[in-house]
Structure formats: C-alpha cells, structure tokens
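All letters in the sequence shown, in the order written, are residues 1 to 210 by full-length UniProt numbering.
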Amino acid sequence: MGAVSQPDAEIRYPRRTERRRKTRAKLLEVAAGLFSTEGYGPTTMQAIADGADVHVTTLFTHFKSKSELARSLAAGELDDLRARAFQSREAQSVFAFVTAETLALAEMLEASDKPAHTLWYALATDDELAFAWSEYDRERKSVIADYVAAEFGLDRQKELRPDIVAALLLASAFLPLQRWVENPRRGKLAAEVKEAMRMGEAAARTLLEA
Numbered sequence: 001m002g003a004v005s006q007p008d009a010e011i012r013y014p015r016r017t018e019r020r021r022k023t024r025a026k027l028l029e030v031a032a033g034l035f036s037t038e039g040y041g042p043t044t045m046q047a048i049a050d051g052a053d054v055h056v057t058t059l060f061t062h063f064k065s066k067s068e069l070a071r072s073l074a075a076g077e078l079d080d081l082r083a084r085a086f087q088s089r090e091a092q093s094v095f096a097f098v099t100a101e102t103l104a105l106a107e108m109l110e111a112s113d114k115p116a117h118t119l120w121y122a123l124a125t126d127d128e129l130a131f132a133w134s135e136y137d138r139e140r141k142s143v144i145a146d147y148v149a150a151e152f153g154l155d156r157q158k159e160l161r162p163d164i165v166a167a168l169l170l171a172s173a174f175l176p177l178q179r180w181v182e183n184p185r186r187g188k189l190a191a192e193v194k195e196a197m198r199m200g201e202a203a204a205r206t207l208l209e210a
C-alpha cells in the first residue's frame with residue numbers, strides 16, 4: 001500500500017492534522033520570541049523545543065534546521081506584507097505605504113531592549129541567513145514593484161522603472177534602520193526615517209516622470 005497523500009491524510013486524520021498545525025504554529029511563535037530576546041545566533045533548536053513544550057525530535061519533523069525555521073518566519077512576514085500592500089493600493093500611494101511600514105518597524109526597534117535581535121536584522125546580517133535574506137529582499141522588492149506598477153500604470157514585463165523605484169525606496173528605508181540599530185540614538189529614528197524616505201521619494205518621482 002502506498003503512502004497516504006497530504007490531502008488524503010487531512011481527510012482521514014483531521015485531528016492529527018490540526019494538532020500538527022497547532023504544533024508548527026507554536027514552534028514559530030516560540031522561535032520568533034526567542035530570536036527577539038536572545039538573538040538568532042544564540043538561540044538553539046533545543047531551546048525552541050523546550051519553549052514549545054515538545055521533544056526536539058518533534059521540532060525537527062517540522063523544520064530541518066534553524067535557518068529553515070527563520071525562512072518560514074520570513075515567509076509569513078512576506079505574506080502579511082503582500083496582503084497589506086494589496087489592500088492599501090486604493091487608499092494610499094506607494095510612498096506613503098513604504099513610509100508607514102518603515103515607521104512601524106522603527107517604532108518596534110525603538111521600543112525593543114535588544115533591537116539587534118530582531119529577525120529582520122538577523123536576516124540582513126547573519127552569514128547563515130544570507131540566502132534567506134536574498135530571497136526575502138527579492139520578494140519584498142517584488143511586492144513594492146507591483147504596487148508601483150499598479151499605481152503608475154506601468155508594465156513590469158516591459159520596463160524596469162517599477163523595480164528600480166522599489167529598490168530605491170527599500171534602500172532608503174533600510175539604511176537609517178541599519179545605522180540606528182548599530183548605533184542607537186533614542187528619539188532620533190523616526191525623524192531619520194522620514195528624511196531618508198523624503199529623499200527616496202524625490203528621486204523615485206524624478207525617475208517615474210522621466
């Protein structure tokens with residue numbers, strides 16, 4: 001008899017499937033918390049399993065490595081970003097959207113006792129997560145490029161401006177956050193983000209009007 005496929009397993013064993021989903025969600029929740037408080041590097045798979053009250057072998061049935069777990073968290077963040085961007089297209093410009101997203105992250109960083117321990121910063125700086133960061137950054141740029149294309153009536157298949165503008169806006173957002181995490185200055189981050197985004201928007205509009 002062959003192995004039971006995933007859809008068939010969900011039909012035949014709904015309780016088992018639901019239990020597995022809840023365990024996976026708990027593992028992601030615990031990992032996100034530990035990454036924020038202890039940092040990505042120091043957090044061990046054993047600590048994540050202990051926090052979720054499961055055996056470490058159960059953790060490895062869901063995630064083969066800590067980097068895979070981090071990628072899953074990043075994928076969830078990207079899904080949320082994609083949904084927010086799609087919902088916001090009719091309500092605000094891409095410039096306002098990226099600025100609001102960046103200010104929300106800035107507020108979270110300023111409120112954190114250990115801003116360098118955020119998953120966002122770990123993705124951007126940890127050697128083990130270099131590939132995950134490249135995937136995360138590419139998809140994030142794609143979300144914003146789609147937003148630009150929709151707002152300005154551009155076709156990403158025919159021209160590069162939406163992608164260039166997306167890269168420009170996200171670089172404008174990233175630089176003040178990175179500099180601040182490396183040298184925190186309380187009360188300064190929001191102002192620095194707004195100034196960086198103002199310059200990024202000015203450059204992007206010049207490109208879009210070309």
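Glycine is no exception: its CB is placed at the ideal position from the N, C-alpha and C atoms.
Requested in this report: Could you check which residue in E201, A85 and A210 has the C-alpha nearest to that of S142?
Outcome: Your numbering for residue 142 matches position 142 in the sequence shown. If we check each option's Cα against that of S142, A85 comes out closest.
Query - Buried versus exposed call for E90 [16 or more other C-beta atoms within 10 Å across all chains shown] - result: Within the sequence shown, numbered from 1, the residue matching residue 90 stands at position 90. It counts as exposed.
**Report entry** residue 215 to F60 span [Cα, whole Å]
**Finding:** This structure cannot settle anything about residue 215, because the visible part of the chain is limited to 1 through 210.
Query raised in the report: Going by Cα to Cα distance, which pick from V148, D155, N183 and V54 is closest to L170?
Result: Here residue 170 refers to the residue found at position 170 of the sequence shown. The shortest Cα separation from L170 among V148, D155, N183 and V54 belongs to V148.
**Report entry** Inter-residue spacing [alpha-carbon to alpha-carbon] between A31 and L69
**Finding:** Within the sequence shown, the letter at position 31 stands for residue 31. Within the sequence shown, the letter at position 69 stands for residue 69. For A31 and L69, the distance between alpha carbons rounds to 8 Å.
**Report entry** For M1, the three-state DSSP class (helix, strand or coil)
**Finding:** What you label residue 1 is simply residue 1 of the sequence shown in a count that begins at 1. Reliability of the predicted coordinates at M1 is poor, the pLDDT of 43 falling under 50, and the value obtained from them is presented with this limitation in mind. M1 falls in the coil class under three-state DSSP.
Requested in this report: Would you check if the distance between the CB atom of H117 and the CB atom of G51 is smaller than 8 Å?
Outcome: Sequence index remark: in the sequence shown, residue 117 carries index 117 (1-based). Sequence index remark: in the sequence shown, residue 51 carries index 51 (1-based). Going by C-beta atoms, H117 is not nearer than 8 Å to G51.
Query raised in the report: For K66, which of helix, strand or coil comes out of DSSP?
Result: The count along the sequence shown starts at 1 and reaches residue 66 at position 66. In the structure shown, K66 sits in a helix (DSSP, three-state: H, G or I).
Query raised in the report: Once you ignore the five residues that flank A122 on each side, which residues in its own chain have a CB closer than 8 Å to its CB?
Result: Mapped onto the sequence shown, residue 122 falls at position 122. Once the five neighbours on either side are set aside, the close Cβ partners of A122 are F35, G39, Y40, G41, A70 and L129.
Query raised in the report: Which residue from V94, N183, F152 and R198 puts its Cα closest to that of S172?
Result: Locating residue 172 in the sequence shown gives position 172, where the first residue counts as 1. Among V94, N183, F152 and R198, the Cα nearest to that of S172 belongs to R198.
Requested in this report: Could you work out which residue in E101, K158, A203 and A111 is closest to F174 when comparing CA atoms only?
Outcome: In the sequence shown, residue 174 corresponds to position 174, counting from 1. Measuring from the Cα of F174, the nearest candidate turns out to be E101.
Query - Bounding residues of the alpha helix (DSSP H) (the contiguous stretch that carries E101) - result: As a working note, residue 101 is residue 101 in the sequence shown. From DSSP, the alpha helix (DSSP H) with E101 extends over V94 to A111.
Report task. Out of D79, K22, F95 and G33, point me to the one whose CA is closest to residue 212's CA. Result -> Residue numbering for the chain in the displayed model covers 1 to 210; residue 212 lies beyond these limits and cannot be assessed.
Query - Cβ shell of L73 (< 7 Å), same chain only, five flanking positions each side left out - result: Residue mapping note: residue 73 aligns to position 73 of the sequence shown, counting from 1. Excluding residues within five positions, the ones whose Cβ falls inside 7 Å are L28, A31, A32 and L119.
Report task. Could you tell me the boundaries of the alpha helix (DSSP H) in which K194 lies? Result -> Sequence index remark: in the sequence shown, residue 194 carries index 194 (1-based). Run containing K194: L189 to E209, per the alpha helix (DSSP H) assignment.
Query raised in the report: For the candidate residues V193, Q46 and A167, whose alpha-carbon lies nearest to that of P176?
Result: As a working mapping, residue 176 is identified with position 176 in the sequence shown. The option with the nearest alpha carbon to P176 is V193.
Requested in this report: Compute the Euclidean distance between the alpha carbons of K66 and D126, then round it to the nearest angstrom.
Outcome: Taking the sequence shown and counting its residues from 1, one reaches residue 66 at position 66. Taking the sequence shown and counting its residues from 1, one reaches residue 126 at position 126. Straight-line Cα distance between these residues: approximately 12 Å.
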